[in-house]
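Chain order of the listed sequences is A and B.
Yeah, the first sequence ends on 1004 if you go by the numbering used here, and it's all consecutive.
Yeah, the second sequence ends on 417 if you go by the numbering used here, and it's all consecutive.
Every residue, glycine too, gets a C-beta built ideally from N, C-alpha and C.
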Amino acid sequence: MDLTILAQILISGLFMGMIFALIAVGLTLIWGVMDILNFAHGEFLMLAMFISFWMFSLWSIDPLLSLPFNVVVLFAIGVGTYYLIIKRVLNAPGLTALLATFGLSILIKNSAQFVWTPDFRQIQGAWLSDHTVELFSLNFSVAEVFAAIGSGLITYLVYYLIFKTKTGRAIRASALDRQTALLMGIHIDRIYAFTFGLGGACVGVAGSLMINFYYVFPGVGSLFGILAFVTVALGGFGNITGAFWAGILIGIVETAGGVFIAPAFKYTVVFILYLIILSFRPKGLFGW
Amino acid sequence: MKKSSRGLIVFWAAILLGTVWAEAAETIRIGAIYPLTGAIASSGQRSKHAIETGLDLVNEKHDLDLPFARTEGIPNLKGAKIQLVWGDSQASPEVGKTEAERLITIEKVVMLLGAYNSGVSKSASFVAERYKMPFLCPESSSAELTERGLKYFFRIAPTDAEDSVAFFNFLDEMKAKKRQVERVAIVCENTEFGVHAAKEARKQAESRGYKVVADISYPFKSTDVKSEVLKLKAAKPDVIIQGSVLGDMMLFARTYKEQKLAFNANLSYCGGYHDPSFALNLKKDAEYYMGQCTFSTDFIAKKPVLGKINEMYKKRSGVDLDGVTMEALTAVLVLADALNRAKSTDSEALVNAFRTTDFATPTLPGDGVKFNEKGQNAKIISYLTQIQNQEYRVVWPESMASKPLVWPFVPWEKR
């Protein structure tokens, strides 16, 4: 196997991994702050992709332009989900919230199938889609490069927000000790709603960037859902930078495993790695 | 209780009983299992539209030159109408099996129809066999399905074994014309369908002296296929033989282009290639892909009645019929014929009727359906289509071709 293919494997894996990370960041954020695993996260991604898809195909609004709109809409969906569902089950046993989000995911997926039919859709002719660049005889899809850059930016922004701002401090305080945070005058309800909204907004960005190179259909969320969960667990539940690095690791291992072992086992390799790392570091690579 | 209200109860009871009785006498319940939700729901829903079109043809009166179109219901069963009871497999063999149990034991259907995915057809037909109930499979292509020695299983579509023969007959012809086809790569999903299709392709390739440069089995419903395509790139194939469902097929096509993979032809087994969404979504990137075919709109020019059926289907689904959906539609006519000859809904009588089926229909190539001792339709023939200007055009065999073959696969940068 020549060197260019090896380099291509590494770089393709890196890009794919950054996309997993982009999806996982929102998921890990919600887990870290509220201890809730949002099973509807993949469906939020699907909604974001559909919004971008329709804005492009009905009004020719490029996914890059609809990105801010998507962020706002998904933020609102996140906040709405918190007030309508999560808030009511916050004090119930842990499984209740899990099942509530699971139910929500089924509701969203099937409603989408009802409204938009189960057809597969893909956009052609957007600014980013359809272009490949060749560099040192390596091929990259421009859309994936953008998604990877977006992933890095979003991870940094969320990190900055959580660790460098006052709201971030309040979020961290609520995550550490809910009761004490309440006593310190932190409006827990608003912080939680904001966190859920932020998780949605992250996936809003992901959807807008992914529609440039991936098809959308009502079940697309479940394809990425399981890998996003693995990314979150591998990086350490609730750890934002952990999710980023875990995503990259998974992407590279998956692509390399597919080439060097066999494509049929590419996910097997990822899950074996996951099991090995978790048996040595049960809280994930960056968990504490 | 007042007299008047008692009278009312008797009145409503009579009406209710009357409707129940009337329904019992005039409808035949048939179970249909398809992937109506989940990863390949779009293909499942298209099959559903096709079956409902077939049902419309059988149950209602239409002025068409087609079996059962001019009558209402099943003539020999006093015009009894067929009613479908749907089961959703979600493309999972386990769910499909449970749905078969439910349809047989709870819904009391008289036979089963289905189930798109070869894996689901396999598990669901075992259930039917256990209850000694006919299972009519319109489209699943795994050759293995009719090699299991089942007595109640019948299939209309050509198998992957037959399609492989067609593919390599075509490649032999290309070879005779001095075209580059020596290096063959096989790319199939790791399911019942893909594994067996790959096996048949390998068998043909090896026995005819082709060089299999890559044999790639990849996970069904992949999030990306980079590693698969990079492996292919290293193998430098002339021809790719593909067994993928719609989502994966779209992903492969996009990644082939991204990695500028060069090849002379891509031949698909029954699967994602055939779903019109493939050409609609990928537009110029879908051009020149090829696949086996049992129906193309090109057939309409030769048999105008097919155009009318296509219109009926298009009203429901918004797209033209393809081979897979035409097989599903034909299945309704075939089962109507079996019911009509059996003159009963008893499963033994019905299965005997299927065994002696020799049904002439213009809907499929070969102009008829006749099952051999294994339950496989012996009359079906496969052609090859190629996507040209977003239409599936018949290009092989030459005697049936409506458009000349475009060879080789036009490189991405020249489109």
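What distance in whole Å lies between the Cβ atoms of residue j and residue i, which are believed to be in contact at a cut-off of 8 Å?
i: THR833 (chain A); j: GLN85 (chain B); result: So it is not a contact: roughly 24 Å between Cβ atoms.
i: LEU38 (chain B); j: VAL307 (chain B); result: Not confirmed; about 29 Å, so no contact.
i: PHE70 (chain B); j: LEU79 (chain B); result: Not really, about 12 Å apart at Cβ, beyond 8 Å.
i: ILE739 (chain A); j: THR871 (chain A); result: Wrong, their Cβ atoms sit about 11 Å apart, outside the cutoff.
i: GLY33 (chain B); j: LEU105 (chain B); result: 3 Å
i: SER270 (chain B); j: TYR291 (chain B); result: 7 Å
Determine the contact status of residue i and residue j, defining contact as a CB-CB distance below 8 Å.
i: LEU114 (chain B); j: ALA93 (chain B); result: no
i: ILE824 (chain A); j: ILE752 (chain A); result: no
i: VAL214 (chain B); j: VAL183 (chain B); result: no
i: THR29 (chain B); j: LYS110 (chain B); result: no
i: GLY1000 (chain A); j: ALA917 (chain A); result: no
i: ASP339 (chain B); j: THR358 (chain B); result: no
i: GLY368 (chain B); j: LYS381 (chain B); result: yes
i: ILE721 (chain A); j: LYS235 (chain B); result: yes
i: ALA828 (chain A); j: PRO934 (chain A); result: yes
i: PRO221 (chain B); j: LYS880 (chain A); result: no
i: ASP240 (chain B); j: LYS259 (chain B); result: no
i: SER49 (chain B); j: VAL326 (chain B); result: yes
i: PRO160 (chain B); j: SER125 (chain B); result: no
i: GLU202 (chain B); j: ALA163 (chain B); result: yes
i: ASN928 (chain A); j: LYS262 (chain B); result: no
i: SER279 (chain B); j: PHE836 (chain A); result: yes
i: ALA333 (chain B); j: ILE188 (chain B); result: no
i: GLY951 (chain A); j: PHE1002 (chain A); result: yes
i: ALA102 (chain B); j: ILE35 (chain B); result: yes
i: VAL985 (chain A); j: ILE977 (chain A); result: yes
i: GLU194 (chain B); j: SER144 (chain B); result: yes
i: SER821 (chain A); j: ALA922 (chain A); result: no
i: GLY973 (chain A); j: THR947 (chain A); result: no
i: PRO410 (chain B); j: ASN268 (chain B); result: no
From the DSSP output, in three-state form, read off residue i for me.
i: SER857 (chain A); result: strand
i: THR833 (chain A); result: coil
i: TRP88 (chain B); result: strand
i: GLY963 (chain A); result: helix
i: ILE35 (chain B); result: strand
i: PHE953 (chain A); result: coil
i: THR29 (chain B); result: strand
i: LYS345 (chain B); result: coil
i: ILE42 (chain B); result: coil
i: THR848 (chain A); result: strand
i: LEU352 (chain B); result: helix
i: LEU795 (chain A); result: Going by the sequence as given, residue 795 (chain A) is Val instead of Leu. The answer is helix: DSSP assigns VAL795 (chain A) an H, G or I state.
i: PHE301 (chain B); result: helix
i: PHE929 (chain A); result: coil
i: LEU407 (chain B); result: coil
i: GLY915 (chain A); result: helix
i: LEU138 (chain B); result: strand
i: ALA24 (chain B); result: Low confidence applies to ALA24 (chain B): its pLDDT is 45, below 50, so where it sits in the model is not reliable enough to give any reading.
i: GLY325 (chain B); result: helix
i: GLY320 (chain B); result: coil
i: TRP414 (chain B); result: helix
i: THR225 (chain B); result: coil
i: VAL111 (chain B); result: coil
i: GLU175 (chain B); result: helix
i: ASP277 (chain B); result: coil
Residue i bridges to which residues according to DSSP?
i: CYS190 (chain B); result: B:SER219, B:GLY245
i: ASN826 (chain A); result: Partner(s): none; ASN826 (chain A) has no beta bridge.
i: ASN268 (chain B); result: B:ILE242
i: LEU386 (chain B); result: B:GLN294, B:TRP398
i: GLN378 (chain B); result: B:ARG157
i: ARG185 (chain B); result: B:LYS213
i: LYS372 (chain B); result: B:ASP360
i: ALA82 (chain B); result: B:ILE76
i: GLY901 (chain A); result: Answer is none; GLY901 (chain A) lacks a bridge partner.
i: GLU393 (chain B); result: B:GLN390
i: GLY116 (chain B); result: B:ILE35
Any chance the CB of residue i is under 7 Å from a heavy atom of the ligand HEM?
i: GLY733 (chain A); result: Looking for the ligand HEM in the displayed structure turns up nothing, as the structure carries no ligands at all.
For this session: Take every Cβ of the region 904-920 of chain A, pair it with every Cβ of the region 748-755 of chain A, and state whether three or more of those distances are shorter than 8 Å.
Result: Counting Cβ pairs under 8 Å, three or more are found: they touch.
Exercise. Using 8 Å as the Cβ pair cut-off and three pairs as the minimum, do the region 774-793 of chain A and the region 808-820 of chain A touch?
Worked result: No, because fewer than three Cβ pairs between the region 774-793 of chain A and the region 808-820 of chain A fall closer than 8 Å, the two stretches do not touch.
Exercise. Quick one: any contact between the region 767-785 of chain A and the region 953-968 of chain A, if contact means 3 or more CB pairs under 8 Å?
Worked result: Note that the region 767-785 of chain A does not touch the region 953-968 of chain A; fewer than 3 beta-carbon pairs, one per stretch, sit closer than 8 Å.
Exercise. Using 8 Å as the threshold, is the region 242-254 of chain B in touch with the region 266-279 of chain B, meaning 3 or more CB pairs across them?
Worked result: Contact holds: three or more Cβ-Cβ distances are below 8 Å.
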